Amino acid sequence: MKTDDIKNLRIGVIGGGFAGATAGLALSQIGAQVKVYEQAKQVGEVGAGIGLRPATVKLFKRLGVFPAIEAVTSPSDYFEILDEKGNVITREQWPHLEEDGQRHNTRMIHRHDFVVALTGQLPEGVLQLGHRAVEITDNGDSATVKFDNGVEETFDILVGADGIKSRVRALWSDSQPVPANAHAYRAVIDGSEGEGMLVDDNLRLYLQGETGRMIYFLPLRHRGPNGQISFDITVPHPDTTWNPQVPKEEVLEMLKDFDPRLLSIVEKLDWDKVNQRAAADLDPQDKWNSDAVVLIGDAAHAMLHHQGQGANSAVLDAGALADALTDPANETVAEALNAYTAERQGPVQELQRISRESWNAESAGKTAFPEKESIDY
Ligand SMILES: Cc1cc2nc3c(=O)[nH]c(=O)nc-3n(C[C@H](O)[C@H](O)[C@H](O)COP(=O)(O)OP(=O)(O)OC[C@H]3O[C@@H](n4cnc5c(N)ncnc54)[C@H](O)[C@@H]3O)c2cc1C
């Protein structure tokens, strides 16, 4: 689209998570009039860590926000998969991108720091907190949103970045989250409580192949004087309640064959502060956009967390949407939204498929990165 046309575009982004915040940045940088509407009254995220992949890091460099991200991350060398006793099954260097003499590494970050760093880089006035979209109308060449605080706005483009239970997606899809019959119990602990296991910046997955029980041990050594550890227990569980309440004793029993140091960490966890969540994803969605409304992030393609690609994909969607709008080959908004979907849908749906396969002893023995053939890091 032409620069002048982009300048006149009014874009509303629903959701101020990783997808929405990055969209706010990328779309305001191409000159559009952007507002990001987040239902929460303040910016925040659950206490857990994630790995930012090289393509995400590269995009943040392009958007000029890398210094803010760099300040709250540690670069990591490899991802290691071990059995439950701690015997190494696979150790593989993170895929990395090298371009124009620059190397983009995988970096470990706390989710809260991530969303705070991103939203902190948004131009003044872009982020509108305390706005919950409650009614959305697709008018064909625009979209109108009513918020729970009485505000009503009409946009040339409405971006649904409102997560797995997206209200925007409901314009055309009745898809609901698909339970994975598994739970994730997540906590961030001080490095001093890590039983001496916080030794470097590398992600370790302890996997009991035959039961599918696992612990993701993700170092956040840049946090606090002792560093911190994001400790994520994922286990098969038939209870699909969104926020289950499983007692610590039950979890300890499930993990009883794990390395005693890991068990000791679990024993010492303040269980009231552990974030419990039933794992769920979405079936692949055929439709990601109309002529004026488009989905990004989990709203379009929520995936299970086993490949650590959900937030990364959400960020890359936002960059791809901005690229599609500035591409001169796309003369109209509708063409740009179609081009965005055409670019992102295939690779991301492949990530959804691979993530659903989770881990077992056989797959873990082959590679730590089964997705590497499907995406350009
Ligand atoms: C256990 C677990 C571990 C994970 N680990 C990783 C990992 O290691 N790496 C990785 O890349 N990904 C990981 N993910 C996936 C990642 O969390 C998601 O893919 C990511 O959060 C998606 O970002 P998003 O912005 O699309 O959606 P969300 O993070 O869900 O953000 C949506 C935002 O929209 C707001 N919102 C919702 N409805 C409305 C409304 N009506 N009006 C206004 N605002 C609204 C919400 O408040 C929220 O702020 C993990 C997920 C889980 C559950």
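Numbering (our numbering), first residue to last: 17 to 393.
Don't be surprised by glycine CBs; every beta carbon is placed ideally from N, CA and C.
Here the structure is a predicted model, which is why all the values come from computation and not from measurement.
Limits of the unbroken beta strand (DSSP E) element including M230: R229 to L236
Secondary structure of M270, DSSP reduced to three states: helix
Alpha carbon of A71 to alpha carbon of W110, nearest angstrom: 12 Å
Three-state class that DSSP yields for G176 in the structure shown: Strand at G176.
Test item: CB-CB of L332 and A196 under 8 Å: The Cβ atoms of L332 and A196 do not sit closer than 8 Å to each other.
Rounded Cβ spacing between P235 and L214 (contact assumed at less than 8 Å): 6 Å
Beta bridge counterpart(s) of L219 as assigned by DSSP: F95
Cβ-Cβ separation, L174 to V349 (assumed contact under 8 Å), whole Å: That pair is no contact at about 11 Å.
Cβ-heavy atom distance, E54 to ligand 1, below 7 Å: yes
Backbone CA spacing between L143 and T135 [nearest angstrom]: For L143 and T135, the distance between alpha carbons rounds to 7 Å.
Ligand 1 heavy atom lying under 7 Å from the CB of A35: yes
When E359, S374, G335 and E96 are compared against T250, the one with the closest alpha-carbon: S374
Neighbourhood of G381 by C-beta, 6 Å cutoff - its chain only, sequence neighbours within 5 removed: I105
Whole-angstrom C-beta distance between G36 and A186, which should lie under 8 Å: Rounded, the Cβ-Cβ distance is 17 Å, inconsistent with contact.
Reference G47, options E347, T357 and T342, closest by Cα: T342
Simplified DSSP state of G74, which is helix, strand or coil: The amino acid at residue 74 is misidentified as Gly; the sequence shows Lys. K74 falls in the helix class under three-state DSSP.
The beta strand (DSSP E) enclosing K51, as first and last residue numbers: Q49 to Y53
Boundaries (first-last residue) of the beta strand (DSSP E) holding E115: L113 to E115
Beta-carbon proximity of L337 to I312, cut-off 8 Å: Contact check for L337 against I312 passes: the beta carbons are separated by less than 8 Å.
Distance, A200 Cα to L98 Cα: 19 Å
Closest by C-alpha distance to L268, when choosing among I281, E389 and W258: I281
As assigned by DSSP and simplified to three states, the class of A358: The three-state reading of DSSP puts A358 in helix, counting H, G and I together.
6 Å Cβ shell around Y356 - same chain, five flanking residues per side excluded: A336, L337 and A340
Beta-carbon proximity of Q49 to L25, cut-off 8 Å: yes
Nearest to H238 (by Cα), restricted to the options L75, N376 and R123: R123
Cβ-heavy atom distance, Q325 to ligand 2, below 7 Å: Summarising the ligand content, the structure contains ligand 1 and does not contain ligand 2.
Residues bridged to F163 [DSSP beta-bridge criterion]: A149
Inter-residue spacing [alpha-carbon to alpha-carbon] between G33 and L75: 17 Å
Inter-residue Cα distance where the pair is P363 and E266: 38 Å
heavy atom of ligand 1 below 7 Å from G313 C-beta: It does: the Cβ of G313 is within 7 Å (strictly closer) of some heavy atom of ligand 1.
Expected contact under 8 Å - CB spacing of F171 and S158 to nearest Å: 6 Å
Contacts around E115, its chain only, beta-carbon distance under 8 Å, and the 5 residues preceding and following it disregarded: K74
Selection from A133, K18, L219 and A149 that minimises the alpha carbon distance to G28: A149
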